[in-house]
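Take a look at the structure set out below.
Here it is as structure tokens:
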């Protein structure tokens, strides 16, 4: 078996796994190329975390709490993978209670499809056995480095009546492989977001003009701790980066594609605090982590600041995410 590799001039390392199967025998060959730039130098930015390709997230239990800190039930998210360890399905089970005390179970199934340079998903919701006709979707096109460069999506607004809307977006990366700009188009409206990175972490996103001389720009910020962001799915995007600015930063507010790792290099560490622009900067969320012996998060407690901007911080427990792995 002879393999010829082209030079890796992307500025970031890349890894491939080749499986050769003959009868009951399987040979696995792992190839990793360190990245250099076209001038032969290596990137000055820090390397990203050593992301797990073997230890997979299989389940997340989400314990919910009310605004006064009382337990309010548990949602369950199950993850399924194919033999290439790609996520193929997420199943989210939620149980709500009506004002009359009736239990209502909603199961949302998100199915992922991989086709050469395209990745897509479709979500189907079933509420008390009735399948919704409204199916949110998303699709991206990848460049030669496996990064999303454009995407499309369909979603719904639930007002007096259900309104469907579609959108497209484009993504741009800097020389070090980090996402630095996104442009989303919905109907005739175009929205730009600009992302800033420091020490290998996404620290802010500019998402529009503010108002007044003291708040000229709408900027959401993130602060990080020492816990490494090395799980196979990027939990920052589906748990912590949940302000309005971060929601739209990668084009699709469901954040499925950054969770899967298709929007460039990920942050090195896990988010500890979000400072969102809500007419003025405000500390909105903070996160406390418990890790196992291998330094993987097994519990993430989310606290929400119920105070108004410029008031004394008042943290209330919002959710606890309990993460289960395959090993």
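Numbering (UniProt numbering), first residue to last: 1 to 327.
Even for Gly, the Cβ is constructed at its ideal location relative to N, Cα and C.
Asked	Found
C-beta atoms of residue 182 and residue 249 nearer than 8 Å	yes
C-beta contact flag for residue 94 and residue 80 at 8 Å	no
Closest by C-alpha distance to residue 292, when choosing among 230, 199, 112, 242	230
Under 8 Å between C-beta atoms of residue 177 and residue 252	no
7 Å CB neighbourhood of residue 247 in its chain, flanking five on each side removed	253
Residues bridged to residue 105 (per DSSP)	95
Range of the contiguous beta strand (DSSP E) that encloses residue 179	179-186
Nearest-angstrom Cα separation, counted from residue 184 out to residue 66	34 Å
Residue from 279, 87, 267, 96 whose Cα sits closest to the Cα of residue 113	87
Residue 20 versus residue 85 - alpha carbon distance	16 Å
Per DSSP, cross-strand counterpart(s) of residue 123	110
Residue 270 versus residue 70 - alpha carbon distance	26 Å
Close-in-space but distant-in-sequence residues of the same chain around residue 128 (CB under 7 Å, 5 per side omitted)	104, 105
Residue 308 versus 277, 156, 193, 241, residue with shortest Cα-Cα distance	277
Counted within 10 angstroms of its Cβ, other Cβ atoms place residue 190 as buried (16 or more) or exposed	exposed
Cβ neighbours of residue 262 in the same chain (closer than 8 Å, five flanking residues each side left out)	119, 140, 142, 146, 147, 148
DSSP three-state assignment for residue 259, whether helix, strand or coil	helix
Spatial distance of residue 102 from residue 76 (CA atoms)	19 Å
DSSP beta-bridge partners of residue 323	60
C-alpha gap between residue 241 and residue 126, whole angstroms	27 Å
Touch test, the segment 285-301 against the segment 311-325, Cβ-Cβ under 8 Å, three pairs minimum	yes
Minimum C-alpha distance to residue 266 - residue among 180, 164, 72	180
Reference residue 274; option with closest CA among 224, 124, 121, 110	224
Given residue 169 as reference, the closest of 160, 221, 153 once Cα atoms are compared	153
Sub-8 Å separation of residue 205 and residue 217 beta-carbons	no
Rounded straight-line distance, which links the Cα of residue 187 to that of residue 92	30 Å
Closest residue to residue 200 among 22, 222, 209, 167 (Cα-Cα distance)	222
Best match in 116, 209, 135 for proximity to residue 122 [C-alpha to C-alpha]	135
Residue 41 (DSSP reduced to helix, strand or coil)	Because the pLDDT at residue 41 is just 48, under 50, the model does not fix this residue reliably, and the value given afterwards should be weighed accordingly. Of the three classes helix, strand and coil, the one that applies to residue 41 here is coil, per DSSP.
Residue(s) in a DSSP beta bridge with residue 226	BP columns for residue 226 are empty, so no partner.
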